[in-house]
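Enquirer: The structure that follows is given in the form of structure tokens.
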Ligand code: DAH
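In the numbering used here, the protein residues as written are -2 to 348.
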């Protein structure tokens, strides 16, 4: 092949590539053309193989022509590439368009359980008075659940709290009172009083009906210090009743019996529905029983290693379920545990 023939070949390659660039549709095809035509095995290299047959002065000319052709085609390919890239971007934008006016998928927002609201309110109030919140185990020993609470084995008052035994020594706790004993044992009274609140789940061998559940929630309160009197108890519970059931609530204490307090009291509040005149909520009495309490029995203090000649205090135990039912007019305790969202979603923090 002589110089003229080589020029003809170069022209043919130029035309050929330009023609295929007219046709090219995708970036992939374009890249194939680039590799085939400009690569080491491409037609330009093929033509250049004939350079050895040329006269020496012709050789650089062929080289220059080849370079010129190569950069011409590279430029062409680059500009086609730009066009194709812009087209691909345009297509992607079209196909991936988001319709911002489309309605979204609704996010269902849950509410805290009504028992959790009550617990929060009670805790907030007592934390404000300097109480600490302490939790204890739901599987409790007979020792803490009963004996430390002044209820020795075979004591008849154990019948008040029939329960589920796991072994002769372990049971599902019947009350949150054992947390009192556990906390008193650990407390260093030389450093200051003990003021605690203990919320939690308790269990009784009860048949479920509208007012009974085999498991429910209690909140226990305990204050131990020097010189605590029953008027401290009454003042505390009166303030609590106002906080939970309204400013006008009055508190009435009635004698009662609990093994771990002496004296023991049943605490009533004036009816928040009728204000004391008598209605269906207070069963015509004007008063509603809300919790049990009393002055901590010396036996309970001594069992926990607290000197009952120096220290004393009061305790109370309230049914969280009962408070929730009274406060929100819930008639069946079972609705607190059957998890019907239509029921549960009525109770928001504000209600
Ligand atoms: N533990 C009692 C119960 O389950 C409730 C109770 C009453 C707790 C009086 C107390 C209290 O701390 O002083 O019935």
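Cβ atoms here follow ideal geometry from the backbone N, Cα and C, with glycine treated the same way.
Between the alpha carbons of residue 305 and residue 182, how many angstroms are there, rounded?
Expert: Your numbering for residue 305 matches position 308 in the chain shown. Your numbering for residue 182 matches position 185 in the chain shown. The C-alpha of residue 305 lies about 13 Å from the C-alpha of residue 182.
Enquirer: Output the distance between the C-alpha atoms of residue 287 and residue 319, rounded to the nearest integer angstrom.
Expert: Reading the chain shown from its first residue, position 290 is the one you call residue 287. Reading the chain shown from its first residue, position 322 is the one you call residue 319. Looking at the two C-alpha atoms, the distance is approximately 7 Å.
Enquirer: To the nearest angstrom, how far is it from the Cα of residue 195 to the Cα of residue 96?
Expert: On the chain shown, position 198 is the one that residue 195 refers to. On the chain shown, position 99 is the one that residue 96 refers to. Those two C-alpha atoms are separated by around 53 Å.
Enquirer: Would the C-beta of residue 356 count as close to the ligand DAH, meaning under 7 Å from any of its heavy atoms?
Expert: This structure leaves residue 356 out entirely; the chain is present only between -2 and 348.
Enquirer: Under 8 Å between the Cβ atoms of residue 122 and residue 237?
Expert: Numbered from 1 along the chain shown, position 125 holds the residue referred to as residue 122. Numbered from 1 along the chain shown, position 240 holds the residue referred to as residue 237. A contact, by the Cβ cut-off of 8 Å.
Enquirer: What residue ranges within the segment 234 to 276 form continuous beta strand (DSSP E) runs of no fewer than 3 residues, ordered along the chain?
Expert: 248 to 255, 258 to 267
Enquirer: Please tell me whether, using a cut-off of 7 Å, the distance from the CB of residue 172 to the nearest non-hydrogen atom of the ligand DAH is below it.
Expert: Numbered from its first residue, the chain shown carries residue 172 at position 175. Relative to the ligand DAH, the nearest heavy atom lies less than 7 Å away from the CB of residue 172.
Enquirer: The beta strand (DSSP E) that contains residue 167, what's its start and end?
Expert: Numbered from its first residue, the chain shown carries residue 167 at position 170. 167 to 169 is the extent of the beta strand (DSSP E) around residue 167.
Enquirer: Mind checking residue 256: buried by the 16 CB within 10 Å criterion, or exposed?
Expert: Taking the chain shown and counting its residues from 1, the one referred to as residue 256 is at position 259. Buried, because 16 or more other Cβ atoms sit within 10 Å of the Cβ of residue 256.
Enquirer: Is residue 214 helix, strand or coil by DSSP?
Expert: Along the chain shown, read from residue 1 onward, the residue named residue 214 stands at position 217. Of the three classes helix, strand and coil, the one that applies to residue 214 here is strand, per DSSP.
Enquirer: Between the Cα of residue 208 and the Cα atoms of 92, 316, 58, which residue gives the shortest distance?
Expert: Position 211 of the chain shown, counted from the start, is the residue given in the question as residue 208. Closest option to residue 208, Cα to Cα, is 316.
Enquirer: Per DSSP, what are the beta-bridge partners of residue 129 in this structure?
Expert: If you number the chain shown from 1, residue 129 lands on position 132. Looking at the DSSP assignment, residue 129 forms a beta bridge with 193.
Enquirer: Tell me whether residue 342 is buried or exposed, calling it buried when 16 or more other Cβ atoms sit within 10 Å of its Cβ.
Expert: For the purposes of this step, residue 342 is taken as residue 345 along the chain shown, with counting starting at 1. By the neighbour-count rule (16 or more Cβ atoms within 10 Å), residue 342 is not buried but exposed.
Enquirer: For residue 214 and residue 172, I'd like the C-alpha separation in whole angstroms.
Expert: Indexing the chain shown from 1 puts residue 214 at position 217. Indexing the chain shown from 1 puts residue 172 at position 175. Taking the straight line joining both Cα atoms gives about 9 Å.
Enquirer: My understanding is that residue 108 touches residue 335, with C-beta atoms under 8 Å, so please give their C-beta distance in whole angstroms.
Expert: Position 111 of the chain shown holds residue 108. Position 338 of the chain shown holds residue 335. Not really, about 16 Å apart at Cβ, beyond 8 Å.
Enquirer: With a floor of 3 residues, list each beta strand (DSSP E) that falls wholly inside the segment 104 to 161, ordered by position along the chain.
Expert: 136 to 138
Enquirer: Rounded to the nearest angstrom, how far is the Cβ of residue 44 from that of residue 6, given a contact under 8 Å?
Expert: Taking the first residue of the chain shown as position 1, residue 44 is located at position 47. Taking the first residue of the chain shown as position 1, residue 6 is located at position 9. Yes, they are in contact, since the Cβ atoms of residue 44 and residue 6 sit about 5 Å apart, within 8 Å.
Enquirer: Along the alpha helix (DSSP H) that carries residue 305, what are the first and last residues, could you check?
Expert: Within the chain shown, numbered from 1, the residue matching residue 305 stands at position 308. No alpha helix (DSSP H) holds residue 305; DSSP gives it neither H nor E.
Enquirer: When the Cα atoms are used, what is the spatial distance from residue 71 to residue 93?
Expert: Translated into positions along the chain shown, residue 71 becomes position 74. Translated into positions along the chain shown, residue 93 becomes position 96. If you draw a straight line from the Cα of residue 71 to the Cα of residue 93, it comes to about 32 Å.
Enquirer: Once the 5 residues before and after residue 307 are set aside, which same chain residues still bring their CB inside 7 Å of it?
Expert: The residue labelled residue 307 in the question sits at position 310 within the chain shown. The residues are 223.
Enquirer: How long is the line joining the alpha carbons of residue 164 and residue 174, rounded to whole angstroms?
Expert: Here residue 164 corresponds to residue number 167 of the chain shown, with the count starting at 1. Here residue 174 corresponds to residue number 177 of the chain shown, with the count starting at 1. Straight-line Cα distance between these residues: approximately 20 Å.
Enquirer: Keeping to the same chain, check which residues put their C-beta closer than 7 Å to that of residue 268; ignore five residues upstream and five downstream.
Expert: For the purposes of this step, residue 268 is identified with residue 271 of the chain shown, where counting begins at 1. So the list reads 276, 278, 279, 283, 284, 285, once near-sequence residues are dropped.
Enquirer: I'd like to confirm something about residue 290: is its beta-carbon nearer than 7 Å to some heavy atom of the ligand DAH, or not?
Expert: In the chain shown, the residue the question calls residue 290 occupies position 293. For the ligand DAH, at least one heavy atom lies less than 7 Å from the Cβ of residue 290.
Enquirer: Could you say which of 39, 1, 229 lies nearest to residue 14 if we only look at CA atoms?
Expert: What you label residue 14 is simply residue 17 of the chain shown in a count that begins at 1. Among 39, 1, 229, the Cα nearest to that of residue 14 is on 39.
Enquirer: Using beta-carbon positions only, say whether residue 220 and residue 234 come within less than 8 Å of one another.
Expert: For the purposes of this step, residue 220 is taken as residue 223 along the chain shown, with counting starting at 1. For the purposes of this step, residue 234 is taken as residue 237 along the chain shown, with counting starting at 1. No.
Enquirer: What residue range does the beta strand (DSSP E) around residue 286 cover?
Expert: As a position in the chain shown, residue 286 is number 289, starting the count at 1. Residues 284 to 293.
Enquirer: Distance check for residue 226 and residue 159, CA to CA, integer angstroms please.
Expert: The sequence position of residue 159 within the chain shown is 162, counting from 1. The sequence position of residue 226 within the chain shown is 229, counting from 1. In a straight line, the C-alpha of residue 159 is about 32 Å away from that of residue 226.
Enquirer: When burial is assigned at 16 or more other CB atoms within 10 Å of the CB, is residue 228 buried or exposed?
Expert: Numbered from 1 along the chain shown, position 231 holds the residue referred to as residue 228. Label assigned to residue 228: exposed.
Enquirer: May I have the straight-line CA-CA distance separating residue 198 from residue 313, to the nearest angstrom?
Expert: Locating residue 198 in the chain shown gives position 201, counting from the first residue. Locating residue 313 in the chain shown gives position 316, counting from the first residue. For residue 198 and residue 313, the distance between alpha carbons rounds to 16 Å.
Enquirer: Quick one, which of 339, 112, 203 has its alpha-carbon nearest residue 324's?
Expert: As a first step, residue 324 must be located in the chain shown, where it is residue number 327. Comparing alpha-carbon positions, the option among 339, 112, 203 lying closest to residue 324 turns out to be 112.
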